[in-house]
Structure formats: C-alpha cells, structure tokens
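In what follows, a single structure is set out as structure tokens and then discussed.
There are 2 protein chains.
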Amino acid sequence: MKLTRAGEYAVRCVLYLASQGQGALVSRRLIADYFDIPASFLAKIAQQLAKVGLIDIRQGAKGGYVLLKNPADITMLEVVEAIIGEIALNDCVTSSDTCRNSNNCAVNRVWTKARNQLRATLAEVTFIDLLHEKSCFIFPQPQQIDISKAGNR
Amino acid sequence: MKLTRAGEYAVRCVLYLASQGQGALVSRRLIADYFDIPASFLAKIAQQLAKVGLIDIRQGAKGGYVLLKNPADITMLEVVEAIIGEIALNDCVTSSDTCRNSNNCAVNRVWTKARNQLRATLAEVTFIDLLHEKSCFIFPQPQQIDISKAGNR
DNA sequence: TCTATATAAGATTAAAAGTGTCCTATTTAA
DNA sequence: TTAAATAGGACACTTTTAATCTTATATAGA
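Chains as they are written, first to last, in my numbering: chain A, 1 to 153; chain B, 1001 to 1153.
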C-alpha cells in the first residue's frame, strides 16, 4: 500500500473542509486551485468521499462540498481507505498453488501484523489533530456559516 | 508500499535457501519450479539479492544460489528492501509548491511514524523465525553440505 | 580442450494501475 | 430562463510491474 496521489489529494481536501468546519460549503474550484489539483480529478475523489458519507456534494450554481462529519470524528484511515480501498500490504501471490492457506503462513502473519499496526496508526489520528498541529498548509479563516445562504436542505 | 510480486518471490527464495542452511547451493531452476516463479524473473531478483550481499550466484554447470549470511541474521526488511528499495508509504506529492517543507507537516508526520513502525516490524523478524514457525511451505530436508562438491571458492 | 549446463545482462514486450482530460448531462441559484 | 457548478462516462497518457527473449559468459566434467 503506497498512498496514491488520489489518496493524498483526498486527505488535503478533507483537511481544507475541516479547516472551515463541519457544514461549511467550499467550492471544488477553490480546493482544486488551493492545492493545485486538477479539478476533474478532484471531482472523482470527492465522489468517493461522498459515497462513504464523509461529504455532501452540492450541484448547481454555488455548489461545492460540505463536510458531513465532525473533524474530530474523521480519521486518516477513513479518508485514505475511502480512496484506495482497505489497506493491504501484500497479495501473497493470490491463487498460487504454493500459498493457498495463507492463514497458516509465517510470512503472512508478519504482513498481517504490520498491516494491523499501520491501520491502527492511521486510525488514531483525527482531522482535528491534524489541524491543531502546525502544518505546511495555511488555510483561510473559516467563514461564518450562514445557513440561509449556504442552502442546506 | 505494497509488496510487489518480485518482493514476495525474493522472500520465498531466501526462505528456501535458508531452509537448506547457510552455504548450501540450490539451483535457480529448483527454486523457480518449487514456487512457480518464472526462471528469468527469478534471475533478476537474485541479482538484486546478490548486489546487497545476501547471496552468491554461481554461474556455469551445477550453478545456482548460495546463501551468504546466517538465516538468524537476515531480516524480512533486508530482503524486501533489497528488491523494492527503501520502504516509503507516501510521496507527499513531491515538488508541489503546496508541500515543500514536508518535515513541518502534520500529515507527513503521521506517515513517517507509520513507516518507521512498519520497518521496525519487518526488521524484527529473521528467517530463522520464519523457518521455525509452521508455514504453508514444506521444504525438502537440507542436503549435507559437501564442500568439495559444492565447489566453494 | 570440448561440450552441455547454467546463470548474466540488456533489450523488449505486455499487462495493470494510476493520473488525468474531455464531453455531454444534470442540478441549482438568481 | 440562464449561467454556474458538479456528475458521470469514455478515452488517453504515463508509470510501474511482470515478465520474456536473446546473446554472452562461466563452469563441471568427459
């Protein structure tokens, strides 16, 4: 499991949304410009984030993305796996005759342990943690969320 | 970092050699057949293992591979990284303007921690450990190492 | 010394995954 | 009704991975 560019973009996207607070609407264009992500590529990524319920996508004029969960409840694991699928470190050369019972394999046990550790590490970091630590990103001050103008439904 | 097929093959190859003991010579064909690895692909992998000093490659008739180190001193990390290079979990979208000081990045710190953990886990497992645990592989009894016939130099 | 056996090393190919791009809908605010 | 914004599918390009093929080289043994 190497974090793909799409995964990296997803983390940044959620980080931006988190900086503006749960419920704030941010346009795709703004996020794409800020991080220099191709807008249509970001669209694909956002669709996956929406599929797992992390964000809401608003179509139409003044559309954009809205973070649905509290940043304190969103973990890095969640965002990463929304994009690249459940983390696995090896395939154990699946379907090979030499390794069909991988649950009884010393080598595989090591990979499983490593995988569990990795997932645990990513699961214990929330986006509030990421925002509070100083980082290489500087986000604009969150706008006051004006429910009437944001057009929630 | 997802373990590539080449990496998986390398682990198996070293595991086989370890089962026959340090200094034993095993032909490439034998290992390739045993694990169902394409012989020329195994050749490439073996060359990388030789480059880092793990094995010796004997050319010519009755050639093959010889494990140079004690299996108790060979770690999984060593073998894996010999093939796929030093483990990294993310690229942090290198050279992007938005992330040039990744050492001051909260997100990156998480990845660095995860990476270090992963490497530590792989580093604490030796090939003696792997051999002693029961596994999905059953290796032939190691031949008595006959120095005169094995043709060491 | 000759021959069969075995690997070396480099070039090439094939397949898969990742990273976008483009075009035509569809939705929504005003 | 129109302009702004995203959706969704098809397509293209790039990189990585996984092999394969060919020619060269080394070695054991007759």
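Here a beta-carbon is modelled for each residue, glycine too, at the ideal position from N, C-alpha and C.
As the structure is a prediction and not an experimental result, all values here were calculated from the model.
Taking every protein chain shown into account, the CB of V1080 of chain B has 16 or more other CB atoms within 10 angstroms, so this residue is buried.
By the CB criterion at 7 Å, V1107 of chain B and V107 of chain A fall outside the cutoff. Residues of the stretch 1115–1127 of chain B with a Cβ closer than 7 Å to any Cβ of chain A, in chain order: Q1117, L1118, T1121, L1122 and V1125.
Runs of the beta strand (DSSP E) lying entirely within the stretch 61–88 of chain A, each at least 3 residues long, are 64–67 in chain order.
At a Cβ-Cβ threshold of 7 Å, I1087 of chain B and R1119 of chain B count as neighbours. Using a Cβ distance threshold of 7 Å, P1142 of chain B and G1023 of chain B do not count as a contacting pair. Against chain B, the CB of K2 of chain A has a partner CB under 7 Å away; the residue lies at that interface. With distances taken between CA atoms, M1001 of chain B lies nearest to A:W111 out of A:A123, A:W111 and A:L131.
Take the alpha-carbon of I138 of chain A and the one of A32 of chain A: they are about 15 Å apart. For N1070 of chain B, the nearest beta carbon of chain A is not closer than 7 Å to its own beta carbon.
Residues of chain A whose Cβ lies closer than 8 Å to the Cβ of K1113 of chain B are, in chain order, T121. Contact fails between the stretch 1121–1130 of chain B and the stretch 1034–1053 of chain B, because fewer than three Cβ pairs, one in each stretch, are under 8 Å apart.
Collapsing the DSSP output to three states places I1055 of chain B in a strand. Across the structure, K44 of chain A and T75 of chain A are spaced so that their CA atoms are roughly 20 Å apart. Identification of chain A residues near C1092 of chain B by a Cβ-Cβ cut-off of 8 Å yields E8, ordered along the chain. Taking CB atoms only, L1030 of chain B has no neighbour in chain A less than 7 Å away. Between I55 of chain A and L30 of chain A, the beta carbon gap of about 14 Å keeps them out of contact (Cβ cut-off 8 Å). Taking the beta carbon of L130 of chain A as reference, the chain B residues within 7 Å of it are A1106 and V1107, listed in sequence order. In the structure shown, T1126 of chain B adopts extended strand secondary structure according to DSSP, grouped into three states.
The beta carbon of N70 of chain A is closer than 7 Å to those of Q22 in its chain, skipping five residues each way along the sequence. Counting only the Cα atoms, A61 of chain A lies some 46 Å from A114 of chain A. Each of A:L15, A:Q47, A:F127 and A:I128 was checked against the Cα of I83 of chain A, and the nearest Cα belongs to A:Q47.
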